[in-house]
Structure formats: structure tokens, C-alpha cells
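Below you'll find the structure, written out as C-alpha cells, and then a few comments.
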Amino acid sequence: MRTRREVLQGLIVSIGGASALTACGGVANVLSTRPGSAPRFYTSAEHALVTRISDLIIPRTETPGAVDANVPGYMDGLMTDWANSETKNAHRTALRQIKSELDKLARGNFLDASDSVAGHSLAAFDAAAFEQNGDASGYKRMKGYVSQSFFATEEGATEELKWVAVPGRWDPSVEISS
Amino acid sequence: MADFDAIVVGSGMSGGMSAKELTERGLKVLVLERGPEIIPERDYVDNLAPWESPNLDNVAQDEIAEHYPKQYGGVAYAIKESNKNFWVKDDEHPYEEAEGTSYDWLRGYHTGGRSIMWSRQVYRLSNLDFNANKTDGYGIDWPIRYEELEPWYEKVETFIGIAGSAEGLPQLPDSVFQPAFELTDAEKALKANVETTFPERNVIPARIAHLTDATEEQQSLGRTNCQVRNRCHFGCSFKAYFSSLNATLPAAEKTGNLTMVHNAIVSSIEYDAETNRVTGVRIVDAETNEKRLYTSKVIFLNASTIASAMILLQSKSEAFPTGLVNRSDQVGRNLMDHVSGAGAAGMISGFENQKVFGRRPSGGIYIPRYANLNGQDKPYLRGFGFQGGSSPVGNAGGQIPGIGRDFKEAHKNPGPWRINMLAFGEQLPNPENRVTLHTSKRDRWGNPLALLNVTYSDNERTMQAEAIKDAVAMLEAAGCTDIVTNDASLSKPGNRIHEMGAARMGHDPASSVLNHWCQAHDVPNLFITDGSFMASSACQNPSLTYMAFSARAAHYAADLIADGTI
Chain P
1 MRTRREVLQG
11 LIVSIGGASA
21 LTACGGVANV
31 LSTRPGSAPR
41 FYTSAEHALV
51 TRISDLIIPR
61 TETPGAVDAN
71 VPGYMDGLMT
81 DWANSETKNA
91 HRTALRQIKS
101 ELDKLARGNF
111 LDASDSVAGH
121 SLAAFDAAAF
131 EQNGDASGYK
141 RMKGYVSQSF
151 FATEEGATEE
161 LKWVAVPGRW
171 DPSVEISS
Chain V
1001 MADFDAIVVG
1011 SGMSGGMSAK
1021 ELTERGLKVL
1031 VLERGPEIIP
1041 ERDYVDNLAP
1051 WESPNLDNVA
1061 QDEIAEHYPK
1071 QYGGVAYAIK
1081 ESNKNFWVKD
1091 DEHPYEEAEG
1101 TSYDWLRGYH
1111 TGGRSIMWSR
1121 QVYRLSNLDF
1131 NANKTDGYGI
1141 DWPIRYEELE
1151 PWYEKVETFI
1161 GIAGSAEGLP
1171 QLPDSVFQPA
1181 FELTDAEKAL
1191 KANVETTFPE
1201 RNVIPARIAH
1211 LTDATEEQQS
1221 LGRTNCQVRN
1231 RCHFGCSFKA
1241 YFSSLNATLP
1251 AAEKTGNLTM
1261 VHNAIVSSIE
1271 YDAETNRVTG
1281 VRIVDAETNE
1291 KRLYTSKVIF
1301 LNASTIASAM
1311 ILLQSKSEAF
1321 PTGLVNRSDQ
1331 VGRNLMDHVS
1341 GAGAAGMISG
1351 FENQKVFGRR
1361 PSGGIYIPRY
1371 ANLNGQDKPY
1381 LRGFGFQGGS
1391 SPVGNAGGQI
1401 PGIGRDFKEA
1411 HKNPGPWRIN
1421 MLAFGEQLPN
1431 PENRVTLHTS
1441 KRDRWGNPLA
1451 LLNVTYSDNE
1461 RTMQAEAIKD
1471 AVAMLEAAGC
1481 TDIVTNDASL
1491 SKPGNRIHEM
1501 GAARMGHDPA
1511 SSVLNHWCQA
1521 HDVPNLFITD
1531 GSFMASSACQ
1541 NPSLTYMAFS
1551 ARAAHYAADL
1561 IADGTI
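Chains as they are written, first to last, in this note's numbering: chain P, 1 to 178; chain V, 1001 to 1566.
Have a look at this one:
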């Protein structure tokens, strides 16, 4: 069996990933799906939704974003290899509910909406979720997957968190420069 | 002619120390470990980067349900995909719980036992603890006081290495320290406010078994200073935190007097009624089921208190029909742990422009016991300490509002800060809290399953309820907001992984198993220096005390061998 690193080295992002990789200087990506193959857990529609939401939650800025780091592929791996049937079903149900609500906010198919409309729709949905309007646990859980997956990638860990393998010292009080 | 001078059953925290001290006295020692060998260079997984572990390093949920329901349920924070082999599979090592009770027996079977997965907080006991049973009448009087143990604490601490600060607190004597991990500014603010508002309380750096100024002796064992990675549950390639695998076993190995046998599950201890001596240990090989007998002049039981009690109970003879050295009927009784679950957390402002560098291992702060220090002044007996710390919230694993650039960069500006604290309280000794042998169920090697029957008393419940109030009051004194408490339930017995007391020491052979040397009252060449000897639990993390007693007992046993007494 190939190691995870060996798998990753042979992969490219299936949705928008190739151009993203080029744009970001070929950062190493963490994938859980084979190159060119369909997601193992998500349907195409689900994968598209997860990709769009991930990109809006953690966009590419001066540093790689969630799609650059193949967070959708990571989440596909999580659902395939880690989640039990209860978690899978809950996630799938949550995606349906999220899509339905985002379609309403976007006044049409969220996936076809412009960047501006999609961004405003998800921002409104996110704000409502954290104001505890109704049961937002499915979305919050998904947002947790996106965030944790991103910061577990090499890009997220090293470029955003400034994670270093061996800090070598403890400084309990570091001023953050503006 | 015995095969060895001494046999040590168990290679964990106390077994490693027993083996080190016995071998350094020139004795030929056999250490029996029931699990497989761990080789740090091969088996530690501390050097994996986050992106080198699949699925956020989570163990698959179906695998947890099948193999780790108890272990994972107890310490989910410590069991990951990459280190799951450090924990037993519940289906391979089952135990039973008495009806209406629940117990977390959380274990690792391999070289070093749980010393490679522990949380490394180390605190001395004081005479407040050694006097406790005599003072309030619960349990039996400890047959020893602090002054007798103090030099052994010093000896052990000098060897293992402890980062901490001298505070001069009578209820928590200072250890031999290497430099402490400095408190964060938020913790310093908590300290200032708490100590002003509650003069009897102290907020101090957690005392942890990590090297911060390695001695020549420690370096000679290949140990270096802590690199502040907080990867301790995965082993430590720098050998910066103490474990028997990182320190005591290598020291024993250096003497040339150590023999280690793995996969050796002890079935019973042989006893010779004519000489009134234990003579050997019967084992079954975990892999081959081969049965073997090893003989020695002296035996140290360091299997951990539940397992040690079971070995005694399994070792029946005409002289000891209810189990070896069990004339007092105290073997298996008075099983204790620390009670926890009470705690609180709150947000503290003023530090938004600060972050930390490095990942501080184990705890940040410790609030030593302050209850009932000078007489009974609380609605419960004895007391508790708080463990806790502070950290910036960051994006809280995605659980904050917002999307886009601001959300992404929340980690770069990680404030605000949260402070948390969790109580670790004393559990009163109670002879009805016990482990017995299951009457019919056996494991795959033919040994009886443990039947655990442990419940908390009103004292533990009252103590934890009061601890929550105290935690909230301290956070309020520090100006914290959004304070939340985790008062839903107490930790399960066993969950703190500080089980102890099942072969207690005491003055009287009629009511205790061991004397003040951890030597069996009834059989002079049998010593038990894991947590079994504890006559009360105190509220401090106990491993340091196990090791101090182990070193002391080992030297006493070596003296007895030298003068021909045993």
C-alpha cells in the first residue's frame, strides 16, 4: 500500500485544482481521492457544494485557500475512511438542508450564483447559524470539517498557522505585530 | 538456585524505577512485561506532521466502536490513529463492571506501560495527606510520614527531571526543579487577581516531568530538553519527558543486570509455605500461550493496582486460600482514583495582541489544594487541586462566526483568550470499592476477568459541586466573562487513570497488606510498589509518589538480600 505522502504526490485537484496549483506555485496538496477519479463519498452535486462553500469560508488570499489545499478531497476522505454510517447520513442530510437554505438566500441555484451573491448568501447563513436561529449543528459541523481539514494540510499548517515541527522554546508572551 | 535476584512484574512508571534501583544495587533483575516491545526509534510517532496523518489523525468511528469504546470514551484527546497501538483494544482485554456501576480501566500494554502516554504532572504529597486518614477516620493511618519519604522524592526527582517553580507551600512541598514553563500573561493576571482575592489560594506553574535544563546524567541516557512540541502522547524522540522507556529502563539496561521479557502475562506467584517466601512467577506467553516459571529471591509487583491485586487473588494456596498475602481481606479493596469533572472556563480580555510561541506540553497552571488546610472549614472532607491553563481561542476549530479572509486570518490574530480549570479531588478510601475476580469469565489466556465495583460517596459529589463554585469565583475575580461550567457529571471512577489502593499499607497486618516499606506483612520477600500501597489518594497526581516509594523499597530489599534476611 502506498503511503499517504506517495498518494498525495501523484494527485491533482479535480475541481479547479490544476489552475489553482499553478497559480500558487505548485504547493503540495493533501488529497484523499485518486487523481481523476470521482469522489468516493460525495455525489458530484455534493462535491460541488462542498467545494463552493469551502472556497467561500477559506478563500485564496495571499496564501492558498481551502480549494487550493483540496479541502473537499480531504473531507471526502474523512467521510469515506473515518465516518460511520450515522455521521455520513447526518452530513449528507446537512448538505441537503444547507443547499436548500442557500438557494433561498441566493434566490436561485446557489451554485450558479455570482461570487458576490454566493458570498453574501453564505455570510448571512453563517451569521444566522451562530446566532443560534434553529438547528445549525449540521452547518457548524461542516464548517469544523472545513477549518480543521485546511489547517491540517501543509499549506494551512505552515503558511497560516505558522506551524513549525520543532519550536524548541516556549515564549508565553509574543506581541502580535499589526 | 533462583533464576534471578529479583523479578519486577510490570515495566511502567513504578516497575521501571524498581528495576533501575535494584539493578544499580548490583542485583540481577528480570522485568516481565505483559505487552509487546516498544522500540522508540521504530514505534514513536511524534515526528509526524499534521498533514502526514490521515483523517485529522482520527481513529475511524467504526473502529472505535469495535475496539476502543472504553479507552476512547475515556481519553479521546489522547488516542489518535497514529498512536492507537499504545492503547489496549477493549475487546482483547475486557473487564466487567458490577451492576449499576461504571469504571474506566484505561491502559497500555507494552514496554513502559502508561508512562509513555501519561500527562506528566508530578506533585509531592505532604503530611497533610499522610495524616489525613488518622485525622478524619476514613481508611487506616499511613505507617509513614513525609520526612521519611522526602529524600526519596529528591532522589527520584533529580533523576527524572521536573520543570516547576519553588513556592514554599506546606501542603505541596517543592521538588527538585528545573526551570518552569513560564505562565502566559493571562495566567499571570489570573494569578494576581486570585491570590489577592483569595489569599489562601495560589496559582502556580504546573509541575511537569519535562527536561528544561538536562543534567549530565539525563544527557547520558540520550535525553534532551523539551522541544515544546506537545506531541507527548505519541512518544518523544527527544526523550525529554520522563517515561520508564525514556529513562529508568535504559538506566537499568546500562548496568548489565537487566533482563526484559515481553508478552509475559503473569498468572500467579509461587509461594513456599515452608520458608514463607515467594519463589517465582508463573506466566503465559501472550503470543504462543506457552507457560513458563521464573524464579527469584525477591518479587516486586508493579503491574498497576488492579492487575497486581488480581495476581494476588489468583495466587491461592493452602496458606493463603483467598489469595496471596490476603489474610487481612484487604487485597482488592479501597480502590481509589481521583474524582474530577468539576471545572469552568471563561474569556479574559486585555491580551488580544498577544500569542505564544511553542506548544507548551501538559498543563499551564496548577492551583494547589486550599481546602481544609488548617482544620475542617469546608462542607466536605479533604480537598482538590485545579489543573488548567489559558490559550487564545483562534477560530476555535471553525466554531466562530464569519467566512472569508477574516475567518481565515483569525489564526493570525488569535485572541481573545480563554482560561480553564478542572478540579482533581481526593476520593475517600472505602473497602467496598474493590476489584474481585469474576467467578466465571476468563480472558483468552485463561485468567479471570476483573470485576470492578466502584462508586463515589457523597463527599466526592459535594466536593465537586463546591469546586465548580470556587472555579467560577476565581474566574470572576480575574475579570473573566462568558464563564461556562462543565457540571454535568463527575468523571467515571478510573477515568483520571490514577487507580490506587488495592493492597494498602498500614501498621496492622490484620487491616493492611503491606508495611511501611511496601513489603507484604505476611511474606517478607514480596514488595508491591505500584499504586496499590496507597492508604489514601490525596489529590495530587500520584506517579511521583509511586516512584519515590519504589526507589525506597528497592534499596530496602537490596539491603535485606545483602544481609541474607531474604
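Here a beta-carbon is modelled for each residue, glycine too, at the ideal position from N, C-alpha and C.
- Going by DSSP, leucine 1032 of chain V is part of the beta strand (DSSP E) stretching over 1029–1032.
- 8 Å or more divides the Cβ of glycine 1564 of chain V from the Cβ of tyrosine 1546 of chain V.
- Within the model, the alpha-carbon separation for methionine 1310 of chain V versus threonine 1288 of chain V is close to 22 Å.
- Excluding five sequence positions before and after alanine 90 of chain P, the CB atoms of its chain that fall closer than 8 Å to its own CB belong to Gly138, Arg141, given in chain order.
- Bridge partners of arginine 1292 of chain V according to DSSP: V/Ile1283.
- Note that the C-beta distance between valine 1523 of chain V and valine 1261 of chain V is not below 8 Å.
- At a beta-carbon threshold of 7 Å, the residues of chain V lying near valine 166 of chain P are Gln1227, Arg1229, ordered along the chain.
- Just so you know, the alpha carbons of methionine 1505 of chain V and leucine 1312 of chain V end up roughly 15 Å apart.
- When rounded, the separation of the alpha-carbon atoms in proline 1094 of chain V and leucine 1335 of chain V is 19 Å.
- Bridge pairing for serine 137 of chain P: absent [DSSP].
- The beta carbon of leucine 1560 of chain V lies closer than 6 Å to those of Ile1566 in the same chain, with the five residues before and after it left out.
- Following the DSSP letters along the chain, one finds histidine 1498 of chain V in no beta strand (DSSP E), marked with neither H nor E.
- Taking the Cα of glycine 144 of chain P as reference, the smallest distance to any Cα among P/Leu78, P/Ala45, P/Leu105 is reached at P/Leu78.
- A direct Cα-Cα distance of roughly 21 Å separates phenylalanine 1527 of chain V from leucine 1125 of chain V.
- Per the C-alpha coordinates, the member of V/Phe1533, V/Asp1329, V/Ser1082, V/Ile1116 positioned closest to cysteine 1518 of chain V is V/Phe1533.
- Taking C-beta atoms under 8 Å as the contact rule, isoleucine 1403 of chain V and alanine 123 of chain P qualify, at a distance of about 6 Å.
- Short of 7 Å from the beta carbon of alanine 1410 of chain V, and not among the five residues preceding or following it, lie these beta carbons of its own chain, in chain order: Gly1394, Asn1395, Ile1400.
- As the crow flies, the alpha-carbon of glutamine 1427 of chain V is around 14 Å from that of alanine 1465 of chain V.
- Taking 3 residues as the shortest admissible run, the region 1325–1403 of chain V contains the following complete beta strand (DSSP E) segments, listed from N- to C-terminal end: 1339–1348, 1354–1357, 1365–1367, 1384–1392.
- With a minimum length of 3 residues, the unbroken runs of beta strand (DSSP E) contained wholly in the region 1522–1562 of chain V fall at 1526–1528.
- Listed in chain order, the non-local C-beta contacts of glycine 1139 of chain V below 6 Å within the same chain comprise Asn1133, Pro1429, Ala1535, Ser1536, local neighbours out to five positions each way being set aside.
- Note that the C-beta distance between serine 1244 of chain V and serine 1543 of chain V is not below 8 Å.
- By the CB criterion at 8 Å, glycine 1343 of chain V and alanine 1471 of chain V fall inside the cutoff.
- The beta-bridge partner set that DSSP reports for glycine 1139 of chain V is empty.
- In the three-state reduction of the DSSP assignment, leucine 1211 of chain V falls in the coil class, being assigned neither a helical nor a strand state.
- Going by beta carbons, serine 1220 of chain V and isoleucine 1269 of chain V fall outside the 8 Å limit.
- Glutamate 1182 of chain V sits in coil when the DSSP states are folded into three classes, being neither helix nor strand.
- At a C-beta separation below 7 Å, glutamate 101 of chain P has no neighbours in chain V, since its nearest C-beta there lies roughly 15 Å away.
- Taken through DSSP and simplified to helix, strand or coil, serine 147 of chain P comes out as helix.
- Taking C-alpha positions only, tyrosine 1123 of chain V is separated from alanine 1503 of chain V by approximately 22 Å.
- Among the residues facing chain V, threonine 43 of chain P is not included, as its CB has no counterpart in that chain under 8 Å away.
- In the three-state reduction of the DSSP assignment, serine 173 of chain P falls in the strand class.
- Taking the Cα positions, alanine 1209 of chain V is about 11 Å away from threonine 1158 of chain V.
- The residue from V/Leu1422, V/Glu1150, V/Ala1247 with its alpha-carbon nearest to that of alanine 1345 of chain V is V/Leu1422.
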